[in-house]
Amino acid sequence: MSGAMVSAATGVMNSAVNKLTAILGEEYKLVSNVRHRIRFMRDELSSMHAALQRLAEVDDDQIDVQTKDWRSKVRELSYDIEDCVDRFMLLDSSKKAKLNLVQSMVCKIKELWEDRKISKEIKELKDRVVEEKERRDRYDIGEHLTMTHLQPVSLDPRAPTLYEEARDLVGIDGPREEIIGWLKSEEKQLKVVSIFGIGGQGKTTLAMEVYRKAEEPFDCRASVSISRTLDIKKLLRDVLSQINKSEYDRSERWETEQLIRTLREYLIDKRYLIVIDDIWSISAWEQVKCALPVNNSRSRIITTTRSKEVAQSCCTGIDGYMYEAQPLCEDDAHTLFFRRIFLSSEDCPQVLRAVATEVLRKCGGLPLAIISISGLLANRCHRVEEWENISNSISSAVGTASQIQKMKRILFLSYFDLPLHLKSCLLYLSVFPEDYSIDCRRLIRTWVAEGLIPGQNRESMEQVGESYLNELINRSMVQPTKIRAGGAVKFCRVHDVIFDFIVSQAVEDNFVVIWNGKGFSGNFSNKMRRLSIQTDFSEAEEMAKALKNTSHLRSVHIFNDSDQLGDYIPQFFSSHALRVLNIQGRCLFGDRNVHIESFTPLKYLVITGRCSELPEQIGKLQHLETLDVKRSGINKLPASIVQLKKLVRLFVPAGVQLPEGIGNMQALEELSTIELGISSAKVIQELGDLTKLRFLIVFSYYTTEACDVEGHKKASVSTLSKLLMGLRTLYLAHDSVVATALMASCRSTPPLQRLYLPYPLSAIPSQMRSFVNLVRLRISVQGKVTKKGIEILASLPMLASLTVRLRYDGDNLHPRHSIRKQGFQSLLKFSFGGDQEAALEFEPGAMPKVQSLKVELQARCQFKYGQGGLVVGLQNLAALKHVNASINCFKAAEEEVQGSEDDIRGTSGTHPNHLTLVVKREHSDAYDSSDDQLNK
């Protein structure tokens, strides 16, 4: 498909053009013939880029073989040009390094040799550019395609779902009745319900079922579908044809304004029900709604869209209800699957059930996917081998089965609608294994390191990357799995069906080569640009054959724990193109000879798993920006680490001692995890010089060998005080003396947004009032939390997430903590608990925006607080949606535990928001011994 094929090429071509432009600047000294060649390549690539953009808007079946071959060659040419330019830039930067006389002479010889090599390579690249230019001119590539953009097909590929038999509509009753119930409201104003979700999830089917089953009388009805390219006149005439046939017959030559006016005049005093299916953009909705008047006749509009952003727009400024389509539950998925093949689940042979379960797992509850694959299997022999072949074919999406092609077509429509820059970012997700939980921050950093995000400023590029990810989520191409209190997505994943689609496109486009346990995807005889090893490795010979030449690799991702891979990891460091090395598994450097070139462009290095040490040569990675070994077995850092002058993030395991010279790493913005208790006084002092630090995790475990504990503490307070005015995140696992002293040292408002204080304080510090920028706070207290302490926390205006842990201070019964309506105006998540005997009460109007409440209750004091139990006033949390209650059974009788559970279930069950409730017991094996007496 053309959009998929072109996306990677246009992305890397943009980067190549920008870099060619950069080295034409005055900063780089070029001989005249080299400058001429570079200028020529830049101008020709710009022209080719325009042709590729035209190709991106054309369906693949409209492109001939010659054009496809040219497209592939241009893509590879762009990669090679960018690699060459990167080597030139790296070599130029190494010339500016300060060296002694001997080093200078050696480097001069190397530079002359490298200059000749690069000059020769630039000439060869120019010749290739000329060749591709002549091919384009000879075959008129791209020019004749300007008027053949992908047109909306007359038959909507989702149309078969509109006419499914009622017996096939499994799992729809509940959602349908929920929406109908909302639409049946007696309120007279216009209501809009917008159903949104991923393609193939049954949005159209659900909307049409509501449309059909809505029994209330409407004066007129209409249902229309918007194509990807909105033809507003056609859509308005479609509506008109269903509500006023006589006007429709006269409207063939009407302009848009007249159609809108006619529709509004006809509908203004009528009760209408209209379904607008598959809205692709906010602008499309803005055009359509102009024709639908807001009246007081109990009219209703149903919209469907794949974009949450569009759904929000549909519901803005009107009485709207957003409904997110959900995948079928396991039982409904099985029912639908077997009903389509055998009429009932009981008729399925036992030998087929295991493979059927695997097929359904890949379908992920998507009704369209299940209908498609079950429709295919219904016409095949009911043999295990046949079903296994079909199951395997889902991943590669091969075969001629029309149902699978329909499913691919729907996915393609969503993909085709993406801008080119989002296509490249989406294709990059193919480097992760199926069902992998993707850390969003890491993902965005790899996008930046690979050059998929435009720009020069790293911080702004990461912000752009976050907006790219948000857009992919809004378009339902990526699913968020964990969201931070501030609204940012922490982890995400790709649905299996979409993932298979992405992988097939990425492999076909030579965007990535994947080891999947059965061999390599794609033809690795081509130049490998990205390598992803996703399962256990056993074919060492095939690996060796594939990795003979790693010089063109831009990124390597390893997701297994094979010992054999350790033999190949060192050679990745010698790549002149490598930007990303992501090792999620065993990384055995040990005594292996690791040769790291000083001009390797590696920017991102993550090692997770069994890795004992880093090579001393790591200091040569002068362009490294991220070094993350926090989840590895590394226990010592090489002294050369302080030579990484461009390093922005350094994440190491707890217990690793930082070397002296850390103060030279002036680019550092994020640092974790620092053990101040084992650090030298000089290292602690040097930390205070890292003025760009924004993220810091500090531990401090003092051993008996420490010669000057008090001196260390004073130095720690001094350093942290200097850093506090720049930090955005601070995790301070230090004793209360240092934390309290740090608070007291604060003389102005710090920019801190996230503060974690896991070590218990004696009280909530009064100085915390000045921390007005806090968005997230986790604090532990050992002792009494006073009314004043609660008021201090309540006064923080930006606080969105609060965790309060009460540490055990003896069997003291503390007064019930009362949360009043004053304060906590921005709080969304509240977590309260610990091993102290305590209870909560929410007064009317308290915490008006809290949606999630997590409480840990000490069942042993269930009856000590009188009527209402340990949580009173839950119904006063007006925005509450989720409650997670942990019942601590330590020293509690069964009667007390049961009473705690009954209370929280009772108050949650009567809440008007129909809360989701999770209740679990902790330490249930530590009941009070009197429990035996109670049960007799």
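In the numbering used here, the protein residues as written are 855 to 1790. Glycine is no exception: its CB is placed at the ideal position from the N, C-alpha and C atoms.
What residue range is occupied by the uninterrupted beta strand (DSSP E) comprising residue i?
i     : result
L1550 : 1549 to 1553
W1036 : Premise fails: W1036 lies in the alpha helix (DSSP H), 1027 to 1037, not in any beta strand (DSSP E).
R1759 : Careful: R1759 lies outside any beta strand (DSSP E), inside the alpha helix (DSSP H) at 1748 to 1763.
H1275 : Taken as a continuous stretch (DSSP letters only), H1275 belongs to no beta strand (DSSP E), being part of the alpha helix (DSSP H) at 1274 to 1281.
E1524 : 1524 to 1529
Please state whether DSSP places residue i in a helix, a strand or coil.
i     : result
F1505 : strand
V1773 : strand
W1108 : coil
G1643 : helix
L1004 : Residue confidence is low: L1004 scores 31 on pLDDT, short of 50, so the model does not pin down where it sits. No coordinate-derived value is stated.
R1661 : coil
T1583 : strand
A1339 : coil
K1546 : coil
C1346 : strand
T1211 : helix
L1707 : strand
K974  : helix
N1742 : strand
D1363 : coil
A1569 : helix
T1594 : helix
H1411 : strand
R1632 : strand
M1176 : strand
T1059 : helix
R1115 : helix
K1045 : strand
S1386 : strand
D1103 : helix
N887  : helix
G1053 : coil
K1843 : Residue coverage of the chain in this structure runs from 855 to 1790, which leaves residue 1843 outside it and unanswerable.
K980  : helix
Would a C-beta distance cut-off of 8 Å place residue i and residue j closer than the cut-off?
i     : j     : result
R1091 : L1127 : no
R1630 : T1480 : no
G1056 : C1183 : no
V1626 : L1660 : no
K1457 : R1433 : yes
V1483 : V1506 : yes
D1131 : A1061 : yes
V1064 : I1156 : yes
R1347 : Y1290 : yes
A798  : S1616 : There is simply no residue 798 to check, as the chain begins at 855 and stops at 1790 in what is shown.
L1044 : V1164 : no
N1370 : Q1388 : yes
H1566 : L1530 : yes
T875  : R896  : yes
E1210 : C1217 : It should be pointed out that residue 1210 corresponds to Ala in this sequence rather than to Glu. It is not a contact, given that the beta carbons lie outside the stated cut-off.
List the whole-angstrom C-beta distance separating residue i from residue j, where the pair is believed to meet the contact cut-off of C-beta under 8 Å.
i     : j     : result
I892  : L906  : About 20 Å separates the two Cβ atoms, so there is no contact after all.
G1054 : L1222 : 3 Å
L1724 : S1754 : 6 Å
V1285 : R1384 : 6 Å
A870  : I935  : 5 Å
Residue range of the alpha helix (DSSP H) that residue i falls in?
i     : result
L1089 : 1086 to 1097
E1325 : 1312 to 1328
S1079 : Unbroken run through S1079 is the beta strand (DSSP E), 1074 to 1079; no alpha helix (DSSP H).
D1186 : 1184 to 1196
T1603 : It is not in any alpha helix (DSSP H) - T1603 carries neither H nor E in the DSSP assignment.
L806  : The requested residue 806 does not occur in the structure, where the chain is confined to residues 855 to 1790.
E1695 : That residue, E1695, is in no alpha helix (DSSP H); its beta strand (DSSP E) goes 1694 to 1696.
Report yes or no: do three or more beta-carbon pairs, one from the region 1710 to 1722 and one from the region 1748 to 1757, lie closer than 8 Å?
-> Touching, yes, given that three or more Cβ pairs across the two stretches are closer than 8 Å.
Do the region 1633 to 1653 and the region 1672 to 1686 make contact, defined as three or more Cβ pairs closer than 8 Å?
-> Contact between the region 1633 to 1653 and the region 1672 to 1686 is present, because at least three Cβ pairs lie under 8 Å.
Would you check if there are 3 or more beta carbon pairs closer than 8 Å linking the region 1768 to 1775 to the region 1734 to 1744?
-> Yes: at least three Cβ pairs fall under 8 Å.
Are there three or more Cβ pairs, one per stretch, closer than 8 Å when the region 1199 to 1207 is compared with the region 1156 to 1176?
-> Using a C-beta cut-off of 8 Å, the region 1199 to 1207 makes no contact with the region 1156 to 1176, since fewer than three inter-stretch Cβ pairs fall below that distance.
Can you find at least 3 beta carbon pairs, one from the region 1027 to 1041 and one from the region 1186 to 1200, that sit closer than 8 Å?
-> Contact fails: fewer than three Cβ-Cβ distances are below 8 Å.
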